[in-house]
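Data block below; observations after.
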Amino acid sequence: MSVRIFPYSLVRYANLNHDVFNQLTFHQGEKLIETHRDHLKKREELKNTLCDALFPIISEQTDDQLRQQLINLKRKIFNNKRVDAEQSTLIKGLNSKLLSESFEAYLLNETLINNFSEVNKTLFNHESTLHQKIVQQMALNPALQNGLMLSSPVLYTQLKNFVTKDPESFKQKELRMEFSVLRYLSRMAFKTSPFSSFTFTGVMTTSTHPVNHPNKNPKVQSKLKLNNILFEYLRSILRQHPVLNEYLLLKINITAEIKGDKIQFLTNFHNIESFQQLPANGLQLLIVNYFHQNHQSVTLAELIKYLSEHVENTVQESIKAYVIKLINTGLFEAGFGFTGMDENWDVKLLAFFKSVPDKNHLVKPLISLFEILQVHRESYSAAGTDERYVLLQQAERAVNSTFLPLQKEANLPYYTSAEEKKIIREKEFQHQEAFLTNNFIPYYFSARNIFFEDCFTSETEVLSEKGIAEFASKTNALAKFLLPLDVMRKERIKMRNFYIKHYPKYEKIKITEFYRDYYFYVKKPEKEQINQNDQALTDPMSWKTAVLAKLEQQTILDDTLNLSADFFADLPVSSDLGKILSAGAFVQFYACKKKDQLYGVINSLLPGMGKVSGRFLSLFDSKIQEDFITQNASLNPEVIKAELNDASTFNANIHPPLLSRELTLPSGNNIYPADQQINVGDLRVCLDSETNNLKLWLNDHELYSYDLSLESFYNRSNLYQLLAHFNPDARISLQPFIQLIDQYDLGRFANSAPEIYLLPRITFEETVIIRRKTWRIKTAVIPVQQTTEEDFDYFIRLHNWFELHKIPIKFFLFLRKRAYQNKAVDGEINKKEGLHDDYKPQYLALDKPLFVSMFKRLLARAGNNITIEEVLPVPLESGVKEYLMQWYNE
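Position one of the sequence shown corresponds to residue 78 (our numbering), numbered consecutively onward.
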């Protein structure tokens, strides 16, 4: 099989060049640290000389008092204690010229050490104050302020006062703000993140021609989008509105079927699923038959009219109340005829309201609202920072003032301000005994909940085709070697074994029936069980044992463990492994000056086929989407391939179609046209007699179902998760393999790991970096500034500590790295947990006084251990960037 690289990679750019932080460096610091170390080194030399010279003299003394005085002097010198004047005269009285000269040199050096802080702290404090003023100016950066407006509006509103304060009069409030601003700025410069003004996205292609030189300051464009929580919230209001709910379109639950005297169906509310059944008689039977015969959505008003014409002696109000009850049980779904996952949902929603007959006066405020929001969206990009803030505040007022009367008319709870929302918590309306889909939780929309911003550049970067191809080929080979660690494999085997045990051999079973049984007999007991011990089912113990044995034969050079294909060559391999038909990776590339090769640090391996990329495709030429559809169609062309979708409303899941078909699940937020959708109720599952694998069928055609959204697979509905296993693609993560190597590495320590230990950089075929060099450090051993200790003295002491342990002073700090977090082992249960984003890497450079201050603050909320990673690659002149590349196996 050859590797075919997808021709377009996405690039995530840090929106602030790291060069701006050079002005925060204490440039005299390196020289002063070196001078201080020279003083300390000289102290050791002179101390040893004096102690060696005093030893025979002390031994020769016959005067006990003098001998004791000399012993005390020697002890003081040895322990770096201050020597008083009286003791100095003892040396002169010994009449040893060489000893006196050494002692004078020692006293002079001690004076330099003792005066070192006093002489230099003024300069240090002056520089630190200048740096604080620079940070105040950096806080005026439009990219920072635009990002804060939508991520931390409170901090944004405080900036105006912060930038005018004199740093010398900073109190705790200003110091906390300085910390927050510096944290945002450093992340903007050294870390790539997929959303907001803090980063922006571009496109990279490859060429055999000389590569272009990336623009250091590419033009950044902005696109504001409405948060689809507005869509879901408004739909939940209108479903219970006494008048406007009649304009909503109804469709029957796609899984509804009549079995005997029951109507059975699977319902989904916020991705919590439940199997329901109702008596197959009366009004509900009439309605079910009506929908099964018509196959079209109708408005609630139209359905009520139809039923009133076919049911005798009933009034429309009673019929409406009963239909709404059926909607709440999940038998029917009420909506607008499209979902909030549609990229143009706001435009379609405005058109929907404009199409309401007679332009009901209750609809007019909604029409006005979405027209206003549309204007704000279009004008936002060109607006300055202050103007943007005004637009956001106007939008906040418009949304809440429009929704409030609707909630009152529907007799729903509501908040009148963000402050009220903080005080009042969800009450009894959350706690319904029955499984209903109309549980309503009030919400007050702040500006940050109404919009989100995508920043991007239309400039295309071009890299060497040869270098990218070689890197992709090596990474693909590595992923194949790691197939025994496929995270999907265990569940696939469990599903197959369950089928063999519970159903007639090779019989096609409805997928909804299989899901109900499998969840009831397998998944539900697993979730209720605290400690599971079923690892033996699929845990590749023989493979892991073989890996650990081979690691004993490896040599670590320069703190680097380099693995090659030979390392994996004779490892035991199972016959039922998954395949890698398409894959991707987040990579940071860099060139090695010594060798003409492209190196890359893999931040994570990903599934392929456009997963993750899809989130950003609407920002660029539609040709990229079309190429994904074409390339995906070429994979197993004889098999139907369908994308999954459930009730998730996560904004980042919004993307254009990447396949030709889509599965429709109960309450699914589908994005494909109706003629490209496949009803999940039409699918069957069966054991394949040739491969002994469980397969999914649509009539006589095999079907692969794919999870191609950005949201974590484990956050999706249970049915979605089950269906995502019906394709041959493996899902490989590097982390289990890295943990296996660390398991071997830690096994070298007899009892427990040392207070500071280095985990090696791990590479594959030299140029593929799997893991950066990492230090695990017990927090208790890190120097802490004492109450009376000057900032300059702590700066020097901290640097000396890092130098002593050979830890770089520029690094990424993780207060709680998820890969290493074990609360039970670390004794962190019931201990401070830090903030929600403490798992994120924080760039620090200890040659900058303000970063030393940040380090102190971060340590104060660290757990028992911290993790430090090397900065690799070193930031390029053009700035920090990360590539999302994808490839296919032909």
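Backbone N, C-alpha and C define an ideal beta-carbon position, used for all residues, glycine too.
| Asked | Found |
| --- | --- |
| DSSP beta-bridge partners of residue 678 | 665 and 846 |
| Residue 473 at chain D interface by Cβ criterion, 8 angstroms | Protein chains in the displayed structure number just one, and chain D is not present. |
| Span separating the alpha-carbon of residue 507 from that of residue 492 | Confidence at residue 507 is low in this model, with a pLDDT of 45, below 50, so the placement of that residue should be treated as unreliable; the coordinate-derived value is given next. Cα to Cα, the separation comes out at about 16 angstroms. |
| Residue 142 beta carbon less than 8 angstroms from that of residue 167 | no |
| Helix, strand or coil at residue 928 according to DSSP, with G and I counted as helix | helix |
| Length of the line joining the Cα atoms of residue 595 and residue 801 | 15 angstroms |
| Residue 532 burial status per 10 Å Cβ neighbour count (16 or more: buried) | buried |
| Best match in 421, 756, 441 and 561 for proximity to residue 430 [C-alpha to C-alpha] | 441 |
| Cβ-Cβ distance between residue 326 and residue 412 below 8 angstroms | yes |
| Spatial distance of residue 916 from residue 890 (CA atoms) | 9 angstroms |
| In chain order, each beta strand (DSSP E) run of at least 3 residues that lies wholly inside the stretch 732-800 | 738-741, 754-756, 760-764, 771-775 and 778-783 |
| Residue 254 and residue 545 closer than 8 angstroms at C-beta | no |
| Segments assigned alpha helix (DSSP H), at least 4 residues, entirely inside the stretch 299-334 | 306-316 |
| For residue 887 and residue 36, the rounded distance between their alpha carbons | A question about residue 36 goes unanswered here, because the residues of the chain that appear run from 78 up to 967. |
| Where the beta strand (DSSP E) containing residue 353 begins and where it ends | 349-356 |
| Three CB pairs or more closer than 8 angstroms across the stretch 360-373 and the stretch 309-324 | no |
| For residue 922, the three-state DSSP class (helix, strand or coil) | strand |
| CB of residue 655 within 8 angstroms of CB of residue 807, strictly | yes |
| Contact check, residue 160 vs residue 169, beta carbons under 8 angstroms | no |
| Distance CB(residue 724)-CB(residue 746) smaller than 8 angstroms | yes |
| Counterpart residues of residue 340 in DSSP-defined beta bridges | 335 and 355 |
| Proximity below 8 angstroms, CB of residue 735 to CB of residue 720 | yes |
| Distance CB(residue 408)-CB(residue 330) smaller than 8 angstroms | yes |
| Selected residue, minimal CA-CA separation from residue 651, among 636, 576, 559 and 237 | 559 |
| Every unbroken alpha helix (DSSP H) inside the stretch 85-152 [4 residues or more] | 106-137 |
| Alpha-carbon to alpha-carbon, residue 946 and residue 903 | Interpretation of residue 903 is limited by its pLDDT of 47, a score under 50 that renders its predicted location unreliable; no figure is taken from the coordinates. |
| C-alpha distance - residue 790 paired with residue 732, whole-angstrom precision | 16 angstroms |
| Residue span of the alpha helix (DSSP H) that contains residue 863, given as start and end | Looking at the DSSP string, residue 863 is not in any alpha helix (DSSP H), and its letter there is neither H nor E. |
| Strand pairing of residue 959, partner residues [DSSP] | 89 |
| Extent of the continuous beta strand (DSSP E) to which residue 718 belongs | 717-720 |
| Reduced DSSP category for residue 410 - H, G, I as helix; E, B as strand; rest coil | strand |
| DSSP bridge partner residues for residue 281 (one or two, in chain order) | 86 and 538 |
| C-beta atoms of residue 82 and residue 332 nearer than 8 angstroms | no |
| Residue interval of the beta strand (DSSP E) (run including residue 834) | 833-836 |
| Cβ pair count under 8 angstroms reaching 3, the stretch 572-585 against the stretch 683-694 | no |
| For residue 1033, the three-state DSSP class (helix, strand or coil) | The question about residue 1033 has no answer, for the chain in this structure spans 78 to 967. |
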